[in-house]
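Under the numbering used here, think of the first position of the sequence shown as 18, with each following residue one higher.
Glycine included, each C-beta is placed from N, C-alpha and C at the ideal position.
Just so we're clear, the structure is a prediction, and the values are computed from it rather than from any experiment.
Right, one structure below, let's go through it.
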Amino acid sequence: MAGCTFACIAPAIVPGTAGAQSSVTLQGVIDAGVTYVNNQHGGAATLFDSGVLSPDLLTFKGSEDLGGGNKAVFELTSQFDLGNGATIPGAGQIFNRTALVGLTNDRFGSLLFGNQYDFMFETLTLGLYDGAFLFGGIYDFRQGPFAALGVPNNPTGSFDFDRMAGATRVANSVKYRSPDIAGFTFGALYGFGGVPGSFSSDSTMSFGANYAHGPFGVGAAYVDVKYPQLGNGHDSIRNFGVGAHYNFGSVLAMLLYTNTKNTASGAKIDVYKGGASWTISGPWTLGLDYTYMKGNDVLLDNKAQQITTAVQYAFSKRTVAYVEAIYQRASGDAAVTRAWINGLLQPDGAASNRSQTLARVGLRTSF
Numbered sequence: 018m019a020g021c022t023f024a025c026i027a028p029a030i031v032p033g034t035a036g037a038q039s040s041v042t043l044q045g046v047i048d049a050g051v052t053y054v055n056n057q058h059g060g061a062a063t064l065f066d067s068g069v070l071s072p073d074l075l076t077f078k079g080s081e082d083l084g085g086g087n088k089a090v091f092e093l094t095s096q097f098d099l100g101n102g103a104t105i106p107g108a109g110q111i112f113n114r115t116a117l118v119g120l121t122n123d124r125f126g127s128l129l130f131g132n133q134y135d136f137m138f139e140t141l142t143l144g145l146y147d148g149a150f151l152f153g154g155i156y157d158f159r160q161g162p163f164a165a166l167g168v169p170n171n172p173t174g175s176f177d178f179d180r181m182a183g184a185t186r187v188a189n190s191v192k193y194r195s196p197d198i199a200g201f202t203f204g205a206l207y208g209f210g211g212v213p214g215s216f217s218s219d220s221t222m223s224f225g226a227n228y229a230h231g232p233f234g235v236g237a238a239y240v241d242v243k244y245p246q247l248g249n250g251h252d253s254i255r256n257f258g259v260g261a262h263y264n265f266g267s268v269l270a271m272l273l274y275t276n277t278k279n280t281a282s283g284a285k286i287d288v289y290k291g292g293a294s295w296t297i298s299g300p301w302t303l304g305l306d307y308t309y310m311k312g313n314d315v316l317l318d319n320k321a322q323q324i325t326t327a328v329q330y331a332f333s334k335r336t337v338a339y340v341e342a343i344y345q346r347a348s349g350d351a352a353v354t355r356a357w358i359n360g361l362l363q364p365d366g367a368a369s370n371r372s373q374t375l376a377r378v379g380l381r382t383s384f
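Structure representation (structure tokens):
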């Protein structure tokens, strides 16, 4: 994103730090459009929907040069609903998306504290192993007919179940990010549960590693999130993923696998995804991907196949108009297996039968 930077001299703000230079950057992204769904709880629906290609975000970033390759950094990010201006998920959580402070060093990496992303998002999504980040948006991440997965505090039980949309962060966490070592980077995160007498209860662990060399990249990530609703804080929703991509010049090809498991119930979902983003000419980009989601017997062997296609036109580096269409087909052992595209939440976004189709026209701009 482009940013508006306000430079200041630290001695004017904090006594005793003569010569240290600081900066604060305000930046954001706004996305809005109209979505048509052919079957939402049995009927067609036309919706104003914002934050689809990218969430609507307002971010403050700051850094202070401490000398010797060291910096103090912070980031505060708020997510909001462009349609009504309300913060997401609700009042009283103004910096709900990210709130962190830490130290960075050119040679040794970064140590960060606060409410921040795990490595399913940071390594695999930001590493460009999923077309949803480039052209599909929230609808192209995973949900499907898997409400029985039972992710706690989740609007559908399976919304963004493999955590790659970044819809859920890790509170009270400490994260280490390595520097780039000949194309290799790695990181680790621990989120404190804060349960007296049980250090691991309600805690989160996450790890990620990425290797990039020329046009090729490969990454892997893991996260284990324990919830008080699962085994009194001792069971978890566990995710693992691996991705690869290759840039052929005008075409970026991507492959992704994720595995999600509820360790309390044994419910498990495997995801296989492949796609490509093609810069056709000038401002035009075409995106296409296919996703196969497979649940185990605990989830009645439910499955879903999803195809996403999108066309984008870039007016500039900051502003993009786009059209996308998504089709999902569900199957399984239940009498009725309902298709459910990710991000269709209101009031019951699932289809009344095995298939669901949506089409969207939207505009995204950043500053």
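Query	Result
Backbone secondary structure at M271 - three-state DSSP	strand
Inter-residue CB distance, L43 and D73 (contact presumed, cutoff 8 Å)	At roughly 15 Å, the Cβ-Cβ gap does not stay under 8 Å, so L43 and D73 are not in contact.
Backbone secondary structure at T115 - three-state DSSP	strand
Cutoff 7 Å; reference P15; Cβ partners in own chain excluding five residues on either side	This structure cannot speak to residue 15, because the chain is shown only from 18 to 384.
Top-ranked residue by Cα proximity to G304, from A284, L269, F265, F77	L269
Counterpart residues of R381 in DSSP-defined beta bridges	D48, V337
Classification of K192 by the beta-carbon crowding that lies within 10 angstroms, buried from 16 upward	buried
Boundaries (first-last residue) of the beta strand (DSSP E) holding D66	60-67
Residue nearest to G234 in terms of C-alpha spacing, selected from N276, T221, T142	T142
Start and end residues, beta strand (DSSP E) containing E139	Per DSSP, E139 belongs to no beta strand (DSSP E) and is neither H nor E.
N370 to P196 span [Cα, whole Å]	49 Å
Whole-angstrom distance between L362 and L93, CA atom to CA atom	27 Å
Coarse secondary structure for I155, derived from DSSP in three states	helix
Residues near F91 in its chain [Cβ-Cβ closer than 6 Å; skip 5 each side]	G79, V118
Inter-residue Cα distance where the pair is P213 and N171	25 Å
A237 - partner residues in DSSP beta bridges	A226, V259
Classification of R335 by the beta-carbon crowding that lies within 10 angstroms, buried from 16 upward	exposed
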